[in-house]
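In the working numbering, the protein residues as written are 246 to 760.
Below: one structure, written as structure tokens.
Rendered as structure tokens:
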């Protein structure tokens, strides 16, 4: 599904009005009707009749005024609370305000202690609260009084329906400005907004309905929009498996991974490669841990590297090139640790590797300390940072990265001409052609040691099977999250381990092809 920025939605609204000739008041009426129908359905299920409507000062407030009229016409008891006096509405919202005035509807202007006490008491007596305070244009924290209103709704509302977006969220980044309405239901219009599928805002949506309000969808055709990954996209790009195949058909992948302290990282990466369909997986690891790894995963092929106190020692460039040339894709980083020798290994791999390359974990941490290594790279690259690793690459805090996940990921990927996967809730994929995708699968149980190693193995496996980096990235993150969801359904999120994710990859792939 395509996702719009708030600016893109405003531009589409403007074109619908000015070029197509759909009056703004018609769009407002259609939006209000869709929200009213949803509200009626909720009230019917809850056997409720009492509605409280909160209306802001802009078009979102105008939608709320029109919803008030529709619900009154349906026979519901509606109390209307507004941020501004009835006479201060402008534009299309003014038309709806005048209609309500002519109907004798009381506008309870939220100014002063008496109005607030009535508002709080009415909240507790209502069956449904409709949030029409702010739309997608909010870009700063609301004042303390409005935050107090939002907190009161979250505390006392038995059920809340948000118009377009829950008030208090940033429609672009998904960040929350002070306080945000925690809706049980949200009705948005035309297409979802980018911020709605990013956290923490995504946790405030409740059940999302995307409503048609008669804006022609071709108005979005030429826009560079973001996309939500779905199972159909994944099924369309996954490689087919011919009946007359052999292990060479499905790719040979090379994984530089592991140290004495992190044998599990190497094992999980290689296991994920096999679970995702690789024909042959070679682990290049310090010689001292190879016997342990071979016992953990006998299916892998092993190339011992010089061992220096449990980590990779000095490596010969010619040997590394010969090794890479025998394989179809390369992964470097899981469990390697940061040492001068592993930094040298990363430098060599980047300078000589012409095969698709995934850099993960300590490979990313080394790259943050040696950004110049990217200057000599010869391969198409996928980076897989979590927010803290992304912060190191950008010299920012993880918190700063989280405040604009898409912006930071896109900026770095475009600057260096690579594919980047910014992990976390609603993982972001940025491709070299400028495509930006958001992943909907996954759960909190996947925030566990080794989960990233599994994803890295899945990525290199798909690259080794001939997939292009963008397609491999979108498929891997979706399947990785889906495998985590299937594992959590069986074991519970709290009990989830990385090996559970790896062992459910096959089920995830079957589920995608079954749809």
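Think of the CB as a built atom: it goes at the ideal place given N, C-alpha and C, for glycine as much as any other residue.
Please report how far the alpha carbon of residue 653 lies from the alpha carbon of residue 681, in whole angstroms.
-> 12 Å
In this structure, what does DSSP give as the bridge partners for residue 529?
-> 501 and 548
Is the segment 571 to 589 touching the segment 658 to 675, taking contact as three or more C-beta pairs under 8 Å?
-> no
Which value, in whole angstroms, describes the spacing of the CA atoms of residue 607 and residue 592?
-> 13 Å
Cα separation between residue 598 and residue 487?
-> 29 Å
Collapsed DSSP secondary structure at residue 430 in the structure displayed = strand
Let me know the secondary structure DSSP gives residue 277 once reduced to three states.
-> helix
So the alpha helix (DSSP H) residue 636 belongs to, where does it begin and stop?
-> 632 to 639
Coarse secondary structure for residue 209, derived from DSSP in three states | Only positions 246 to 760 of the chain appear in the structure, and residue 209 is not among them; the question remains open.
Meets three-Cβ-pair contact criterion under 8 Å: the segment 699 to 719 and the segment 654 to 666 | yes
Counting along the chain, where does the beta strand (DSSP E) carrying residue 354 start and finish?
-> 352 to 354
Rounded straight-line distance, which links the Cα of residue 440 to that of residue 630 = 21 Å
Separation of residue 718 from residue 704, as counted between CA atoms = 6 Å
Give the range of the alpha helix (DSSP H) segment to which residue 754 is assigned.
-> 750 to 759
Count the other CB atoms, across all protein chains shown, that sit within 10 Å of the CB of residue 419; report buried if there are 16 or more and exposed otherwise.
-> buried
For residue 514, the first and last residue of its enclosing alpha helix (DSSP H) = 508 to 520
Do you know whose CA, among 400, 381 and 445, lies nearest residue 305's CA?
-> 381
Which of helix, strand or coil DSSP assigns to residue 326 = strand
If you compare alpha carbons, which of 566, 595, 584 and 560 is closest to residue 577?
-> 595
Closer than 7 Å by C-beta to residue 542: which residues in its own chain qualify, once you throw out the five before and the five after it? Chain order, please.
-> 512, 515 and 516
Contacting residues, own chain, Cβ-Cβ under 6 Å from residue 327 (five flanking each side not counted) | 300, 352 and 354
Would you identify the three-state DSSP class for residue 539, choosing helix, strand or coil?
-> helix
With a cut-off of 8 Å on the beta carbons, I'd call residue 617 and residue 248 a contact; round off their distance for me.
-> With a Cβ gap of about 35 Å, residue 617 and residue 248 do not count as contacting.
Outcome for residue 614 when other beta-carbon atoms lying within 10 angstroms are tallied against a minimum of 16 = exposed
Could you check what DSSP says for residue 267 in three-state terms: helix, strand or coil?
-> coil
From 661, 624 and 731, pick the residue whose C-alpha is nearest to that of residue 796; which is it?
-> The requested residue 796 does not occur in the structure, where the chain is confined to residues 246 to 760.
Cα separation between residue 363 and residue 409?
-> 26 Å
Put residue 736 into one of helix, strand or coil per three-state DSSP.
-> helix
Would DSSP call residue 606 helix, strand or coil?
-> coil
Do you know how far the Cα of residue 494 is from the Cα of residue 559?
-> 33 Å
Go ahead and pull the three-state DSSP assignment for residue 298.
-> strand
Smallest Cα separation from residue 562: which of 724, 253 and 589?
-> 589
Nearest neighbour of residue 407, chosen from 748, 283 and 568 [CA to CA] | 283
Are at least three pairs of beta-carbons, each pair with one atom in the segment 364 to 379 and one in the segment 343 to 350, less than 8 Å apart?
-> no
Output the boundary residues of the beta strand (DSSP E) element that contains residue 406.
-> 405 to 408
Going by C-alpha distance, which of 557, 267, 632 and 397 is nearest residue 585?
-> 557
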